[in-house]
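In this note's numbering, the protein residues as written are -16 to 86.
In this text, a Cβ means the ideal position worked out from N, Cα and C, and glycines have one as well.
Predicted model only: the values in this text are computed from it and were never measured.
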Amino acid sequence: DGLDRVYDAVRARADAIAGDTGTSFGFRNFYISHAAPTDPAFRDVIEAAAESLGLSRLRMPSGAGHDAQSVARFAPIGMVFVPSRDGISHSPQEWTPPEDVTN
């Protein structure tokens, strides 16, 4: 998993610094986010709606944390993503033109 590789790299670098400086370092994962698969029926409905409107569509995993992760514990979920300028998301610099979010 990508996040585990990041944690491993942080631990390795911190351990090296601790060894060089005679200090110690402690690290524990206190937040673990699990993937929440979307409901196949919801995916089909979303894709059919996009197709009927002549919109492009692409199935893709989301690495971001969303309310959907919590809701998925109790109910089926589906998600719709739209392109953002320069791929910037979840940031004040995020921008998606109105024509990409309206039909």
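Select from the options the residue whose C-alpha is nearest the C-alpha of residue i.
i       : options                    : result
Ala58   : Pro20, Val(-11), Gly70     : Pro20
Pro44   : Gly61, Gly2, Ala(-5)       : Gly61
Val28   : Arg42, His17, Ser16        : Arg42
Asp(-9) : Arg11, Gly2, Val84         : Arg11
Asp22   : Gly70, Leu36, Arg56, Ile71 : Arg56
Phe8    : His17, Ala(-5), Ala18      : Ala(-5)
Got a sec: does the ligand NAD put a non-hydrogen atom nearer than 6 angstroms to the Cβ of residue i?
i     : result
Thr21 : Ligands are entirely absent from the displayed structure, and the ligand NAD is therefore not among its contents.
Looking at the secondary structure, which residues open and close the alpha helix (DSSP H) in which residue i lies?
i        : result
Ile29    : 23 to 35
Tyr(-10) : -15 to 4
Gln76    : First-last for Gln76: undefined, no H or E at that position.
Val54    : 50 to 54
If we ignore side chains and look at the alpha-carbon of each, how far apart do residue i and residue j end up?
i        : j       : result
Ala31    : Pro66   : 19 angstroms
Phe64    : His49   : 12 angstroms
Asp69    : Val84   : 16 angstroms
Leu(-14) : Val(-7) : 11 angstroms
Val54    : Gly2    : 44 angstroms
Thr79    : Leu38   : 16 angstroms
What whole-angstrom Cβ distance do residue i and residue j have, given they're in contact under 8 angstroms?
i     : j     : result
Arg40 : Ala33 : 4 angstroms
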